[in-house]
Amino acid sequence: MHPSSASDSLHETATGRFQDLEAPPPDTSFSLGESPGWGVEARAALARRAVFVLTPLVAALVAIGIWQFVVAATGVSADILPSPGRVLNMAWRYRDDLWLNTVPTLEETLLGLAVTISAAALFATVTDFSVWARRIIYPLLVASQTIPIMIIAPLMVIWFGFGLFPKLLVIVLVSFFPITVALMDGFNSTEPEAANLLRSMGANRVQEFLKVRVPTALPYFFTGLRISVAWSVVAAIFSEYVGAEQGLGIYMQIQKNDFRTDLVLAAVLVTSLASVALFALTYIVQIVTIPWYSKSKRGQGASRP
Amino acid sequence: MALSRPKIETISLRKSYRHGRQMVAVLDGISLHAQPGEFVSIIGPSGSGKSTLFNIAAGLEMPDAGEIRIDGEIATGKREKCAYMPQKDLLFPWRKVIDNTVLGLEIQGMRKKQARAKAAPLFATFGLTGFENAYAFQLSGGMRQRAALLRTVIQDRSVLLLDEPFGALDSLTRTSMQAWLTQVWETYEWTVLLVTHDIQEAVFLSDRVYVLTRRPARIDLVVEIALPRPRSLGMLGSPEFAHFEKQLFQALVERQVAPSDASLRATSQHVAG
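Structure, rendered in structure tokens:
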């Protein structure tokens, strides 16, 4: 029997056999919005999505409506509690000022995050390869979180002045922990059997790290990153608040001293928008970097929108 | 049987583990072999150290005593001789199916493009046509196991170690997979060591079956499966097939799993008489 003819008949038998007994599971994961017609299921799914997105928006609008009403009804003065209308009006009028101050804050935050991610990746990698490094670094890491930012930020101004460097230090100090811990946890959650499999194939420690441990850790990394992003914006603002030449934090300080509460709230609004934007950006980066993760979550019987 | 040198041989393997303060003996002198191109199954109750045996054969662990020989040469502790297929398919969710199948080649230094070119023509044989660029979660259970097997065989190693490859599949899929596996094996003539819990599977696929005892594991019984090749599903009901199943059943179930069950004793006496 010639191997080639045997394998030809094998093709036929093998694939023919499997068409009968095994169809791959229907690909329901990408069906939202792509179904050929407006069937009941597609409409229901779309309705669920709409509710999911609109509910918080509606809730926010209701809250703003109540705020507006309270201000109008009580006649409270604008330097104590400005109405949402006034805040938006002022935000628009002073938009150039606000933008000029937003840019440095964003720059600090992004630079701080870049430094944080690099440092966190380095630390997490070193502790993954060396047990002794882990024993030394981990307690220091935890201890670093016990220093209150309220104290650190003014100290940084005293030691390093009003420039960029002290702000970066504060941001890094605040953001470092979530990302590092997330990475370490991610590395440790590698399935031991997967590592075993790689070893049986002849992989060395570095190959094992790059081919299994890093991809396993990536979803964890993004969770940690989102926490860090939220905190790092606050850290940037606060470190400006205690001393800076420009930025939203020092802008808020100045307006507060001028009793321009409406502009303070306008700056707060801008800060929130910036935070939300950065937060959303992490999701975009995640979808681009680890597309398999979101797809596999959807594929696993996602019944929630 | 030919007097040729075995492809793989385990010689009096012994292994113990520390469990708390005690040493637990897992393997107590396991000697088995497979000739080139033979399909050999190892069956035994849970906890009989089958996975330990495979870990040692794959070079992932060292035995306390005894050795592994492959093609006559000492291979204890060498990791490049056997291709190991673990119980879980362990297809990486972050890799496409084709990139999963070439994992072993990549680790050996083959360039990705070259490796993919090597794997792609095999997809038809392994019933995975069209799924090269899919992700693992899009495959059914049987397809995942076939992808894992492709990953195993593509490394072109001397011996395949298959650790309960069909254990996680439902009974029907398992049967179709066994029929497929024996056909593909006929073509490629791999030397295979298979660990299984399934007596029918062991008889259907193998040339020889070793029955292990509970730990400390020894070889309780060796059965040469003298059924014609190539095997076909039609043999499953035949008296010859049942004869071999019965031998294994007696060794495994009557002597080890349920030795005090009177109903079993009555049956075996009837058969012996």
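Respectively, the protein sequence lines represent chains W and B. Position one of the first sequence corresponds to residue -11 (the numbering used here), numbered consecutively onward. Position one of the second sequence corresponds to residue 13 (the numbering used here), numbered consecutively onward. All C-beta atoms in this analysis are idealised placements derived from N, C-alpha and C, irrespective of residue type, glycine included.
Between the alpha carbons of B/Ser250 and B/Glu257 lies a gap of roughly 11 angstroms. The beta carbon of B/Met189 lies closer than 7 angstroms to those of Gly154, Gln157, Phe178, Leu181 in the same chain, with the five residues before and after it left out.
Within 10 angstroms of the beta-carbon of W/Ala254 lie 16 or more other beta-carbons, which makes it buried. Sixteen is the threshold: since fewer than 16 other Cβ atoms of the shown chains lie within 10 Å of the Cβ of B/Met35, the residue is exposed.
Taking a Cβ-Cβ cut-off of 7 angstroms, the neighbours of B/Ala70 in chain W comprise Ser188, given in sequence order. DSSP places B/Phe51 in the uninterrupted beta strand (DSSP E) bounded by 51 to 55.
Taking 8 angstroms as the upper bound for CB-CB distance, B/Thr203 and B/Val171 are in contact here, some 5 angstroms apart.
Contact check for W/Val200 against W/Ala183 passes: the beta carbons are separated by less than 9 angstroms. Excluding sequence positions up to five before and after W/Ala141, its CB lies within less than 7 angstroms of the CB of Val158, Phe226, Ser227, Val230, all in the same chain and listed in chain order. At the C-beta level, B/Leu233 and B/Leu217 stay beyond 9 angstroms of one another. For W/Leu129, the nearest beta carbon of chain B is not closer than 9 angstroms to its own beta carbon.
Look at B/Pro98: its C-beta is under 9 angstroms from a C-beta on chain W. Between B/Ala159 and the set B/Leu115, B/Lys125, B/Ala129, the nearest pair of CA atoms involves B/Leu115. When the beta-carbon positions are compared, B/Ile231 and B/Tyr222 come within less than 9 angstroms of each other. By the Cβ neighbour-count rule, B/Ile55 is buried, with 16 or more other Cβ atoms within 10 Å of its own. Counting only runs of 4 or more residues that sit fully inside the segment 17 to 76 of chain W, the alpha helix (DSSP H) segments are 28 to 62, in chain order. The beta carbon of B/Glu198 sits closer than 7 angstroms to the beta carbons of Pro242 from its chain, once the five residues preceding and following it are set aside; these are given in chain order. Here B/Val235 is bridged, per DSSP, to B/Val221. Within chain W, the C-beta atoms nearer than 8 angstroms to that of B/Pro105 come from Trp280, Tyr281, Ser284, in chain order. Under the Cβ distance rule, B/Glu92 counts among the residues neighbouring chain W, one pair being separated by less than 9 angstroms. Beta-bridge partners of B/Thr208 (DSSP): B/Ile55. The segment 84 to 97 of chain B makes no contact with the segment 56 to 65 of chain B, as fewer than three CB pairs between them are under 8 angstroms. When secondary structure is reduced to three states using DSSP, B/Arg81 falls in the strand class.
With respect to the C-alpha of W/Val217, the residue from W/Ser163, W/Glu179, W/Ile238, W/Thr178 having the closest C-alpha is W/Ser163.
Of B/Ser28, B/Gln99, B/Pro57, B/Ser16, the smallest CA-CA separation from B/Arg267 is found for B/Pro57. At least one C-beta of chain W is nearer than 9 angstroms to the C-beta of B/Ile119. Its chain contains Phe164, Ile167, Thr168, Leu171 as the residues whose beta carbon lies nearer than 7 angstroms to that of W/Ala108, once the 5 sequence neighbours on both sides are disregarded; these appear in chain order. Listed along chain W are Trp280, Lys283, Ser284, each with a C-beta nearer than 7 angstroms to that of B/Tyr147. Non-local C-beta neighbours of W/Ser71 in its own chain, meaning closer than 8 angstroms and more than five positions away in sequence, comprise Trp55, Gln56, Val59, Ala60, ordered along the chain. Not one beta carbon of chain B lies nearer than 9 angstroms to the beta carbon of W/Leu251. Cβ contact annotation for B/Ala148 (same chain, cutoff 6 angstroms, sequence separation greater than five): Leu103, Pro105, in chain order.
The continuous beta strand (DSSP E) containing B/Met97 extends over residues 94 to 97. One finds Glu179, Glu181, Ala182, Leu185 in chain W with Cβ atoms closer than 8 angstroms to the Cβ of B/Leu102, taken in chain order. Only buried fits B/Pro75, as 16 or more other CB atoms lie within 10 angstroms of its CB.
Rounded to whole angstroms, the gap between the alpha carbons of B/Val269 and W/Asp173 is 41 angstroms. Shown here, W/Gln195 sits in a helix according to DSSP, grouped into three states.
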